[in-house]
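Just so we're aligned, residue 1 is where the sequence shown starts under full-length UniProt numbering, counting upward by one.
In what follows, a single structure is set out as structure tokens and then discussed.
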Amino acid sequence: MRLKYVLSEVMVGLWRNVTMTIAMIITMAVSLTMLGASGLMYLQVDAMKDAYYKDIEVSIFLDAAITEQQRTELQAELEGNSLVREVKHETKEEAYERFKQLFADSPDLVNAVQADKLPESFRINLKNPEQYQQIFDQYKDKEGIDDIIDQRRLLEQIFNILGAIQNMALAAASVMAIAALLLVANTIQVAAYSKRREVAVMKLVGASNWFIQAPFVLEAVVAGLLGAIIGFGLIVVGKVVLLDGSLRDLTDLLTPIQWGTVLLMLPFMAGVGGLVSAVTAWVTLRFYLRV
Numbered sequence: 001m002r003l004k005y006v007l008s009e010v011m012v013g014l015w016r017n018v019t020m021t022i023a024m025i026i027t028m029a030v031s032l033t034m035l036g037a038s039g040l041m042y043l044q045v046d047a048m049k050d051a052y053y054k055d056i057e058v059s060i061f062l063d064a065a066i067t068e069q070q071r072t073e074l075q076a077e078l079e080g081n082s083l084v085r086e087v088k089h090e091t092k093e094e095a096y097e098r099f100k101q102l103f104a105d106s107p108d109l110v111n112a113v114q115a116d117k118l119p120e121s122f123r124i125n126l127k128n129p130e131q132y133q134q135i136f137d138q139y140k141d142k143e144g145i146d147d148i149i150d151q152r153r154l155l156e157q158i159f160n161i162l163g164a165i166q167n168m169a170l171a172a173a174s175v176m177a178i179a180a181l182l183l184v185a186n187t188i189q190v191a192a193y194s195k196r197r198e199v200a201v202m203k204l205v206g207a208s209n210w211f212i213q214a215p216f217v218l219e220a221v222v223a224g225l226l227g228a229i230i231g232f233g234l235i236v237v238g239k240v241v242l243l244d245g246s247l248r249d250l251t252d253l254l255t256p257i258q259w260g261t262v263l264l265m266l267p268f269m270a271g272v273g274g275l276v277s278a279v280t281a282w283v284t285l286r287f288y289l290r291v
């Protein structure tokens with residue numbers, strides 16, 4: 001009987017302040033969408049680092065005047081280095097073939113470059129990509145070496161940009177979350193004020209604090225959960241329409257977001273939306289509704 005009464009009061013309360021309820025749900029949906037998107041981005045950047053860093057190469061470009069003996073000794077030294085997982089020697093001809101593949105869309109540039117103008121190199125994979133500096137320090141002054149380039153430095157620029165987008169999304173989500181919390185608090189205040197006489201009567205007949213507060217808290221929780229569901233729907237639509245549609249080529253380059261990762265956002269967003277709404281409503285009632 002009590003549960004039925006509480007649930008009926010929740011439905012009545014949501015409908016009584018329907019415009020504020022809709023505004024609260026929309027605000028929660030927008031803030032949780034941004035929170036879910038930033039969470040997805042954090043997980044995706046970590047996955048991208050794992051995917052790309054393990055195949056990252058350090059390119060050791062050789063001097064044009066290097067002798068055959070120096071090249072052989074350098075290759076043997078690299079293959080015996082405890083930091084190195086794999087060593088590949090790339091000749092000038094192989095470098096030119098790679099260059100043609102990379103710039104296949106720019107035939108004029110390809111035609112302007114001759115194979116003998118490109119340097120030969122050793123391309124090495126490290127057991128731990130974080131140890132690039134040690135390799136650089138060991139070989140930077142070695143005879144026959146012209147330059148040493150770590151691909152990770154190029155990837156770090158991409159990850160720095162993605163990190164900045166993460167922070168902006170998180171900042172926007174935080175601002176919207178504050179707006180949502182204020183709206184939840186205001187809605188609960190209005191609902192409590194409109195039922196102040198009923199609350200006073202319930203208190204006089206011995207109703208417990210939790211029994212009086214429960215409908216108000218559940219109103220906020222329902223709004224938070226609905227906002228989370230709508231927000232999750234927007235993320236799904238974004239993945240289908242944008243990431244799997246018009247931006248598909250970009251996501252193939254940066255590794256696609258898996259559906260399993262997307263589905264993780266539903267319980268996360270629902271938990272945050274429900275819990276934050278419940279806590280906000282309860283704190284508001286403690287300060288506003290003296291029961």
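Where is the CB? At the ideal position from N, CA and C, for every residue including glycine.
Annotation: V283 to M168 spans about 29 Å, alpha carbon to alpha carbon.
Sorting V240, I158, L182 by C-alpha distance to the C-alpha of A278 places L182 at the top. For A95, same chain residues with a beta-carbon under 8 Å away, outside a window of 5 residues either side, are A115, L118, P119, E120, S121 in chain order. Contact annotation: the segment 160-178 does not touch the segment 262-270, with fewer than three C-beta pairs closer than 8 Å. Rounded to the nearest whole angstrom, the CA to CA distance from A179 to T33 is 14 Å. Just so you know, the alpha carbons of L285 and E130 end up roughly 52 Å apart.
Distance check between F99 and each of V113, N125, V87, K140 places V113 closest, using alpha-carbon atoms only. Taking C-beta atoms as the reference points, G274 and L225 count as a pair closer than 9 Å. Looking at the DSSP output, R123 shares a beta bridge with S59, K88.
A straight-line Cα-Cα distance of about 26 Å links G271 and L242. Contact between I124 and L78 holds, since their C-beta atoms are separated by about 6 Å, short of 8 Å. Under the criterion of beta carbons closer than 8 Å, I230 and A29 qualify as touching, at roughly 4 Å. In this chain, the beta strand (DSSP E) harbouring D146 covers 145-150. Non-local C-beta neighbours of I149 in its own chain, meaning closer than 6 Å and more than five positions away in sequence, comprise S59, ordered along the chain. Shown here, Q138 sits in a helix according to DSSP, grouped into three states.
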